[in-house]
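J.:
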Amino acid sequence: GENVEQHPSTLSVQEGDSAVIKCTYSDSASNYFPWYKQELGKRPQLIIDIRSNVGEKKDQRIAVTLNKTAKHFSLHITETQPEDSAVYFCAASIGNSGYSTLTFGKGTMLLVSP
Amino acid sequence: DTGVSQDPRHKITKRGQNVTFRCDPISEHNRLYWYRQTLGQGPEFLTYFQNEAQLEKSRLLSDRFSAERPKGSFSTLEIQRTEQGDSAMYLCASSLSSGGRNEQFFGPGTRLTVL
Numbered sequence: 735g736e737n738v739e740q741h742p743s744t745l746s747v748q749e750g751d752s753a754v755i756k757c758t759y760s761d762s763a764s765n766y767f768p769w770y771k772q773e774l775g776k777r778p779q780l781i782i783d784i785r786s787n788v789g790e791k792k793d794q795r796i797a798v799t800l801n802k803t804a805k806h807f808s809l810h811i812t813e814t815q816p817e818d819s820a821v822y823f824c825a826a827s828i829g830n831s832g833y834s835t836l837t838f839g840k841g842t843m844l845l846v847s848p
Numbered sequence: 098d099t100g101v102s103q104d105p106r107h108k109i110t111k112r113g114q115n116v117t118f119r120c121d122p123i124s125e126h127n128r129l130y131w132y133r134q135t136l137g138q139g140p141e142f143l144t145y146f147q148n149e150a151q152l153e154k155s156r157l158l159s160d161r162f163s164a165e166r167p168k169g170s171f172s173t174l175e176i177q178r179t180e181q182g183d184s185a186m187y188l189c190a191s192s193l194s195s196g197g198r199n200e201q202f203f204g205p206g207t208r209l210t211v212l
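The listed protein sequences derive, respectively, from chains A and B.
When we follow the numbering used here, the leftmost residue of the first sequence carries the number 735, and every step to the right adds one.
When we follow the numbering used here, the leftmost residue of the second sequence carries the number 98, and every step to the right adds one.
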């Protein structure tokens, strides 16, 4: 089955700095890669996703890049703010006309210091 | 609130007891997923429904676990003869199958503590 590795496990940055979280996946058939943000005690919330026919996607301060050949994808957060502090999870799935379950990484705890 | 809801939010039980959790997905969503999340880990897939059909079960789902979605709307997850290792957050998610996308919306979870 699919295996997703995520690094780093913790990341501390100063407000205004950029943060980068990296994930690798094992199944070359995976074609959908979402990123979830989970604040303490709350549900995971989708912040951005990318499909394998696209190499990069951006939404304001958040961007995701995908390298299908190397089977890795990354989350980039620019101009970090204290409210960006949370645990971030990457995931991968094989989206097709059937079903598509998500395999998650272990998460990255991002701490943004004011 | 039109999001995914779960009940109860917290459950404390003694080892050996049975527990049942409920998930109400977003109303038009035809896909429903159960995940388990332990401290410091990402959600781990347990099982998946498309409408009322249970299409996949993870190896994590032992024979003590059973899930149903009888009318293709809400779902229940039952754990029989609970063990301390079952202590975790049980998350439900739902999605709408459309164009191959799989944007899953999560509920707040049910935190299970087995004493």
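Ideal Cβ positions, reconstructed from N, Cα and C, are used throughout, including at glycine.
1) DSSP puts serine 819(A) in a beta bridge; with which residues?
2) Flag this pair as yes or no: are the beta carbons of phenylalanine 142(B) and arginine 128(B) separated by less than 8 Å?
3) Within 8 Å, do at least three Cβ pairs link the stretch 815-828 of chain A to the stretch 753-773 of chain A?
4) DSSP on aspartate 160(B), reduced to helix/strand/coil?
5) Quick one: is serine 831(A) buried, meaning 16 or more other Cβ sit within 10 Å of its Cβ, or exposed?
6) Under 8 Å between C-beta atoms, does lysine 792(A) make it to chain B?
7) Please report the straight-line C-alpha distance between serine 163(B) and arginine 178(B), rounded to a whole angstrom.
8) Should the stretch 164-183 of chain B be called in touch with the stretch 743-756 of chain A, which here means at least 3 C-beta pairs below 8 Å?
9) Glutamate 773(A): which of Val846(A), Asn787(A), Glu813(A) and Ser819(A) sits nearest, CA to CA?
10) Do you know whose CA, among Tyr187(B), Gly139(B) and Arg161(B), lies nearest threonine 210(B)'s CA?
11) Please check if any C-beta of chain B sits within less than 8 Å of the C-beta of glycine 839(A).
12) Can you list, in chain order, the stretches of the beta strand (DSSP E) that have 3 or more residues and sit fully within the stretch 754-778 of chain A?
13) Give me the chain A residues within the contact set of phenylalanine 162(B), using Cβ-Cβ distance strictly less than 9 Å, ordered along the chain.
T.: Taking the coordinates as given:
1) Numbered from 1 along the first sequence, position 85 holds the residue referred to as residue 819(A). According to DSSP, residue pairing for serine 819(A) in a beta bridge does not occur.
2) Position 45 of the second sequence, counted from the first residue, corresponds to residue 142(B). Position 31 of the second sequence, counted from the first residue, corresponds to residue 128(B). In this structure, arginine 128(B) does not lie closer than 8 Å to phenylalanine 142(B) by Cβ.
3) Yes: the two stretches touch, three or more of their Cβ pairs being nearer than 8 Å.
4) Residue numbering aside, residue 160(B) sits at position 63 when the second sequence is read from its first letter. In this structure, DSSP gives aspartate 160(B) a state outside helix and strand, which the three-state scheme calls coil.
5) To locate residue 831(A), count along the first sequence from 1; it is residue 97. Confidence at serine 831(A) is low in this model, with a pLDDT of 46, below 50, so the placement of that residue should be treated as unreliable; the coordinate-derived value is given next. Taking all protein chains in view, the Cβ of serine 831(A) is surrounded by fewer than 16 other Cβ atoms within 10 Å, so the residue is classified as exposed.
6) As a first step, residue 792(A) is located in the first sequence; it is residue number 58 there, counting from the start. With its beta carbon at least 8 Å from every one in chain B, lysine 792(A) lies outside the interface.
7) Along the second sequence, one-based indexing puts residue 163(B) at 66. Along the second sequence, one-based indexing puts residue 178(B) at 81. Taking the straight line joining both Cα atoms gives about 12 Å.
8) With a cut-off of 8 Å on Cβ pairs, the stretch 164-183 of chain B is not in contact with the stretch 743-756 of chain A, counting fewer than three such pairs.
9) As a first step, residue 773(A) is located in the first sequence; it is residue number 39 there, counting from the start. Per the Cα distances, Ser819(A).
10) Position 113 of the second sequence, counting from 1, holds the residue named residue 210(B). When Tyr187(B), Gly139(B) and Arg161(B) are compared, the shortest CA-CA separation from threonine 210(B) is found for Tyr187(B).
11) The residue labelled residue 839(A) in the question sits at position 105 within the first sequence. True, the Cβ-Cβ gap to chain B drops below 8 Å.
12) Listed in chain order, they are 766-772.
13) Here residue 162(B) refers to the residue found at position 65 of the second sequence. Residues of chain A passing the Cβ test: none, with the nearest at roughly 16 Å.
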